[in-house]
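Take the sequence shown: its position 338, counting from 1, is numbered 327 in the numbering used here, and each next residue is one higher.
We put the beta carbon where it would ideally sit given N, CA and C, even for glycine.
Note that the coordinates shown come from a computational prediction; the quantities given were computed from them, not determined experimentally.
Written out below as structure tokens is the structure these notes cover.
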Amino acid sequence: MGKRINILLCIAGLFLWAVVLRTGYLQLYNGDNSGAVLAEKALKFRTQIIAGEDYCRGEILDRNFLSLTDSGVRPALVVFPGSIGNVEDTARLLEERIGLAHEYTEKEIERNREALGKRAPFILKVNLEAADVLTLENQEITGIEVIPIKNRYGPESVARHLIGHLNGIDDEQWDELKEQQKTRDTNVDLPTSYRINDKIGVAGLEKKYEQALRGAKAEKSILAIADAGGKIMEGLGYKIQEISSDPWRNHLILTLDRRFQEIVEKVMDEKIARGAVVIVDVASGDILAAASRPNFDQNEVERFIDGYDELIDRTQRVAFYPGSVFKMVVATGVLEEKLIDPDEVFTCEGSYVFSDGTEIKCLQEHGDIDLIEAITKSCNTTFIQLGQRLGNDKLREYAAKLGFAVNLTSSSPPALLGNASIGQQGVLVSPLQVANLYATIARKGWYCPCRLVSSIRNYQGEVVFEESPAPSVQVMSEDTAALLQKALEKAVASGSGRQAWVQGKGTAGKTGTAQVNDEGRVIAWFAGYTPVEKPKYAIAVMIEENTSGARSGLQGGASAAPVFREIAEEIFELAEE
């Protein structure tokens, strides 16, 4: 009996060993069906991956390789849809605690669930304030996490209108991308192919250089572990995973100087509600700073889509009457065509009356006045007479040489030519064009197209494209330029531009006050260059509305000239540090 029991025990033991060995084999050696592989698959299924940056794009840098968009790693609000039970309740909790509109949160959660699936996490809001981070840490909301993400547009981003912004792909853009075989479903082998929920450059340099800037993958990922239902498992935290560099993204290097740009934007925020400022390097034609107001938030573009004009880049928009700053074009034409002796005396009786009865008033009755005095005192009557001598075709010709377009034909009536000659009807300009006009005078009559982009560099920093400065063309003689320089210096030293004078450096320039409508709206201008000897910077200031809300009563001398001086003084102080 005992012998039989021992035999049974041996058989049972052998069976158990067989089970153990089989289990070990399955766990360790059975290929895709092994326990290790299955465990790895389970872990992978439960790992939620968040891109470590909000947009996979190259940087936009200034001439000293400083970020203009203020990109950097900052706290971001990340949604894990699998952890959210009731979307509406979650959205309302977020609204109560950090003020994020519940309608926006609900829309984004639903949109991303449809595009990415019910479990895929996504970034809801970037650049969280410290107070909001603290609130969410102390009052946790299921499915909502604060995670450090690299954000493209930081709070200190500058030149926003020039750089532009990203937005969702609309139907027309999607159809165009499909036609070009740049979507995931038409070209799966293209690393930079688009998904329908991707963002794309829709304005400014982001749009113009979309294909150069767009990358293929995030350079960092953040991993979080979730349970089978997609809920984040407590206590396991997050892991930042470094990925190899993205070889598809390129970096855009601009001619802007971030330091100059910051000065311009600081002064504008104090003085200008609507308007623009441009600084051009006289020697090269490089744009050193260009800013437009009102401003906008590149992270919340949807707030401004239906706005009045926040998204308009005024620096390059050819849509503004220049007023008297345009008179240098007329002066150039009559001097180059030898239609005037510089010492010739004109008579201003306070207005000019055309044969059809149209009357254009001057600021005052100047009496007898020569060309330099007419520039210094901004005499409309004299410049209307000069415009009549020059004629429609020649005014168009010299305007084109200096970078402008004038809406005149050979048969345009004298009154229209008269208005164009003083920078009103028939002439629309941008602040950039005006700045370059005065840079041309400063460089003794040599016109040079302005440059904004200097190069494109790949992910390794190698130059793959270089934009060389365009060759200069002499559009006025040195004698003409010298006379205009003398007049512009006098216009600041003793004329309406006194408040633009930069102590120790000097300023040469011209004020302008252009009428916009019959209700008193005006545009105040000052454009000029500094220093007077060996000019370095040409600056155009345009003001449509000041920070007090005034749109009428603005004057080039009282409103725009002080802005020119303050910006120039701060730039010179910076150079001396």
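If residue i and residue j are in contact, beta carbons under 8 Å, what's the gap, nearest whole angstrom?
i           : j           : result
residue 495 : residue 477 : Incorrect: roughly 11 Å between the Cβ atoms, too far for contact.
residue 210 : residue 38  : 5 Å
residue 341 : residue 349 : 5 Å
residue 423 : residue 311 : 6 Å
residue 318 : residue 372 : So it is not a contact: roughly 10 Å between Cβ atoms.
residue 196 : residue 190 : 4 Å
residue 517 : residue 489 : 6 Å
residue 604 : residue 111 : Because the chain here runs from -10 to 566, residue 604 falls outside it and cannot be looked at.
When you compare only the Cα positions, how much space is there between residue i and residue j?
i           : j           : result
residue 253 : residue 411 : 28 Å
residue 379 : residue 386 : 10 Å
residue 76  : residue 98  : 8 Å
residue 549 : residue 530 : 6 Å
residue 43  : residue 305 : 29 Å
residue 534 : residue 514 : 12 Å
residue 297 : residue 471 : 43 Å
residue 108 : residue 153 : 32 Å
residue 126 : residue 135 : 8 Å
residue 71  : residue 238 : 32 Å
residue 147 : residue 53  : 15 Å
residue 267 : residue 279 : 4 Å
residue 561 : residue 167 : 51 Å
residue 41  : residue 214 : 16 Å
residue 247 : residue 337 : 46 Å
residue 464 : residue 432 : 11 Å
residue 405 : residue 559 : 41 Å
residue 441 : residue 59  : 19 Å
residue 308 : residue 264 : 12 Å
residue 164 : residue 437 : 39 Å
residue 384 : residue 300 : 33 Å
residue 403 : residue 375 : 12 Å
residue 327 : residue 258 : 45 Å
residue 368 : residue 528 : 23 Å
residue 451 : residue 415 : 46 Å
What do you get for residue i, buried or exposed, if any count of 16 or more other CB atoms within 10 angstroms of its CB means buried?
i           : result
residue 294 : exposed
residue 398 : exposed
residue 420 : buried
residue 366 : buried
residue 325 : buried
residue 483 : exposed
residue 36  : exposed
residue 354 : exposed
residue 132 : buried
residue 462 : exposed
residue 269 : buried
residue 508 : exposed
Going by DSSP in three states, residue i sits in which element: helix, strand or coil?
i           : result
residue 403 : helix
residue 411 : coil
residue 183 : strand
residue 547 : helix
residue 120 : helix
residue 534 : strand
residue 488 : helix
residue 308 : coil
residue 109 : coil
residue 198 : coil
residue 394 : coil
residue 580 : For the chain, the structure presents residues -10 to 566; residue 580 sits outside this window and is missing.
Please give the ranges of any alpha helix (DSSP H) in the region 221 to 305, keeping only runs that are unbroken, at least 4 residues long and fully inside the region.
247 to 260
task = Starting from the N-terminal side, write out each stretch of the beta strand (DSSP E) that is 3 residues or longer and does not extend beyond the region 122 to 184.
result = Entirely contained in the region 122 to 184, the beta strand (DSSP E) runs reaching 3 residues are, in chain order, 133 to 140 and 154 to 157.
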